[in-house]
Structure formats: C-alpha cells, structure tokens
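Below: one structure, written as structure tokens.
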Amino acid sequence: MLAQQRQQAILRRVRKHGAARVAELVRDLGVSDMTIRRDLEVLAEQGLVEKVHGGATAVGAGSTEEPGFAAKSMRQQAEKEAIARRAAELAGPGTAVALSAGTTTWTLAHHLAEVPKLTVITNSPRVADVFHHGRQDQTVVLTGGVRTPSDALVGPVAVAAVRSLNVDTLMLGVHGMSTRAGFSTPNMLEAETDRELVAAAQRLVVLADHTKWGTVGFSTIARLEEADVVVSDTGLPDDAREALAERVGTLILAEPAADENDDEAVRP
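Okay, structure coming up:
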C-alpha cells in the first residue's frame with residue numbers, strides 16, 4: 049500500500065470513529081509504529097487530524113460537535129487521571145454519588161470502585177461497567193434512556209429516573225466551561241439530563257481539564273456559580289483561575305503525574 053493510500057485509510061477511520069490509536073493502525077495496516085506516526089504527522093500538518101498521545105482524533109468543529117467516547121478518551125489522559133484521583137477524595141464511604149457520562153468521570157469510576165458502601169447513580173453504561181466486578185457492598189443504579197455518540201443515556205426515561213432521586217454529590221463531566229455559557233455540552237438532551245442530576249444533588253463537583261476553558265457547547269447545563277467544587281489541572285490559564293475562583297465555592301488544581309501533595313487548592 050502506498051503512503052498516500054495508507055494515509056487516506058487512516059483519515060477515513062479517524063473521521064468514522066472520531067479517533068484512531070497507533071497500536072490498532074499498526075496491527076490493521078501491517079506497517080511499523082514509526083510509519084504510522086509519520087503518516088499521522090503528515091495528516092496533522094495538513095490540518096486533517098489532531099495528534100494526541102497514542103494516536104489521533106478528528107479535528108474539532110463548532111458548538112454542536114459531539115465527539116465519541118473513543119475520541120475523547122485519547123485526549124488529556126494524564127490530566128484526567130490527576131483530576132480523577134483528586135476528585136475521588138471527595139466521595140466518602142456510605143454516600144450516594146451521581147456520576148455523569150464522560151471520559152473523566154469514567155476515569156474517576158476506577159478510583160471509586162473500592163470505596164465501601166458507595167451508592168452510584170449514573171447515566172453512563174461505561175461507568176456502570178467499571179463497578180460491575182467491584183465491591184459487593186456497593187449499589188449501582190443505571191438510568192435508561194437513548195444513547196448519545198458520547199455514550200450517555202439521555203431523554204425522558206433518563207430524566208424521569210433521576211427526578212425521583214436525592215444524592216449527596218454529583219460528579220459532573222462537561223464539554224466546555226466559560227464565564228458566558230457556564231458549563232455546557234453539545235447535546236441538548238444530555239444537557240437536560242445533566243440539569244436533573246444537578247437538581248438531585250446536594251453538592252455539585254465539576255471535573256474539567258484545562259482544555260475545557262473557553263469551549264462553549266450548544267446547551268448550558270449550569271452556571272459557574274452553581275458549582276460547589278471545580279476540579280481541574282495546573283494547565284488552567286491564569287485568567288480562568290481568577291474567573292473560577294471568584295465564582296465557585298472551591299477550585300482545586302491537580303498536578304498531572306505528580307504526588308497528591310503537589311495539588312493546589314484555590315479559594316475565593
């Protein structure tokens with residue numbers, strides 16, 4: 049297969065699935081790791097894909113673009129892990145915690161899987177699967193609903209399931225955050241379901257890495273002022289730190305791939 053043919057094959061896969069991993073491309077196309085990485089470099093230079101750790105994702109679009117779970121899971125992996133590790137400290141044994149759909153909350157689920165007597169409510173099949181083989185003293189409630197490209201269950205069934213519940217803490221993943229639009233998502237039905245989760249929770253904890261700042265999804269979930277805690281990472285720019293510190297209860301900045309003791313907490 050010629051280089052141009054191979055690159056077109058890679059581009060088709062990225063556009064179809066939203067992302068492609070180097071290891072999978074090496075296996076399926078029968079070439080070396082170095083060859084695939086050179087191909088991705090060429091496609092990235094042409095503005096056709098975005099290179100990320102371990103592969104590539106589709107180039108972003110506007111406020112209604114909804115990346116798939118696979119595409120989002122390849123972005124900011126170190127930041128998401130640091131955020132999840134720090135956020136897990138906010139969920140104690142014997143509490144009821146809601147986890148929205150998303151790759152950051154999915155990462156968080158792995159840290160919560162060993163918390164004793166935890167009750168988890170989620171509209172994410174992937175999050176629920178993390179707890180499937182976990183502790184026997186945990187309770188997991190998965191809402192029904194229509195599945196979105198990002199693997200969230202949304203719509204009237206999901207809303208009805210959440211509306212009757214009361215939880216101690218909501219761990220909310222978001223597509224974007226800004227002073228104008230607050231916390232947002234590209235999917236209107238997902239925003240509606242997330243708003244019900246916000247209403248059901250005594251405390252709102254938002255998990256969002258630094259790349260979410262300034263990103264605006266089509267539909268707003270909540271204002272910045274509604275968040276009791278925002279957990280982000282130390283890549284968050286200074287203007288974002290100032291804006292969030294003025295508006296949220298507590299801003300926590302986790303250091304990627306660093307000791308827990310290096311985390312920062314900023315309070316207004």
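Using my numbering, read the sequence shown as starting at 49 and increasing by one per residue.
No residue lacks a Cβ here, since even glycine has one placed at the ideal position from N, Cα and C.
Keep in mind that this is a model prediction, so the values were computed, not measured.
- Task: With DSSP collapsed to three states, give me the class of lysine 99.
- Result: Taking the first residue of the sequence shown as position 1, residue 99 is located at position 51. Three-state DSSP puts lysine 99 in a strand.
- Message: With DSSP as the reference, identify every bridge partner of arginine 251, one or two as the case may be.
- Response: Numbered from its first residue, the sequence shown carries residue 251 at position 203. Looking at the DSSP assignment, arginine 251 forms a beta bridge with Thr217.
- Task: Could you tell me if leucine 50 is buried or exposed, where buried requires 16 or more neighbouring beta carbons within 10 angstroms of its beta carbon?
- Result: As a position in the sequence shown, residue 50 is number 2, starting the count at 1. Flag for leucine 50 reads exposed.
- Item | Helix, strand or coil at phenylalanine 333 [DSSP, three-state] | This structure leaves residue 333 out entirely; the chain is present only between 49 and 316.
- Query: Where does arginine 75 fall in DSSP's three states?
  - Reply: The residue you call residue 75 lines up with position 27 of the sequence shown. Arginine 75: helix per DSSP, three-state reduction.
- Task: Spatial neighbours of valine 70 within its chain, please: CB distance less than 7 Å, with the 5 preceding and 5 following residues excluded, ordered by chain position.
- Result: Numbered from 1 along the sequence shown, position 22 holds the residue referred to as residue 70. Leaving aside the five residues that flank valine 70 on each side, the residues in its chain whose CB is nearer than 7 Å to its CB run, in chain order, Asp81, Ile84, Arg85, Gly102, Gly103.
- How about leucine 166 and proline 141: do their beta carbons lie closer than 8 Å? The count along the sequence shown starts at 1 and reaches residue 166 at position 118. The count along the sequence shown starts at 1 and reaches residue 141 at position 93. Contact flag set, yes.
- Message: On the DSSP letters alone, give me the boundaries of the alpha helix (DSSP H) that aspartate 87 sits inside.
- Response: Within the sequence shown, residue 87 is the residue found at index 39, counting from 1. Start and end: 81-93.
- Message: Less than 6 Å between C-beta atoms, sequence neighbours within five positions excluded: which residues of the same chain meet that for tryptophan 154?
- Response: Against the sequence shown, residue 154 aligns to sequence position 106. Cβ neighbours of tryptophan 154 beyond the five flanking positions: Arg174, Val175.
- Task: Could you pull the start and end residues of the alpha helix (DSSP H) that arginine 69 belongs to?
- Result: The residue you call residue 69 lines up with position 21 of the sequence shown. Here arginine 69 belongs to no alpha helix (DSSP H); instead the beta strand (DSSP E) covers 67-69.
- Message: Quick check: what's the CA-CA separation for threonine 268 versus leucine 237?
- Response: On the sequence shown, residue 268 is found 220 positions in, with the first residue counted as 1. On the sequence shown, residue 237 is found 189 positions in, with the first residue counted as 1. Straight across, the Cα-Cα distance linking threonine 268 with leucine 237 is about 11 Å.
- Item | For valine 254 and alanine 275, believed in contact at Cβ under 8 Å, the rounded distance | Your numbering for residue 275 matches position 227 in the sequence shown. Your numbering for residue 254 matches position 206 in the sequence shown. Contact holds; Cβ gap of about 5 Å.
- Task: Throw me the rounded Cβ distance for the leucine 220 and leucine 201 pair, which I believe falls under 8 Å.
- Result: Residue mapping note: residue 220 aligns to position 172 of the sequence shown, counting from 1. Residue mapping note: residue 201 aligns to position 153 of the sequence shown, counting from 1. The Cβ separation is near 15 Å, so there is no contact.
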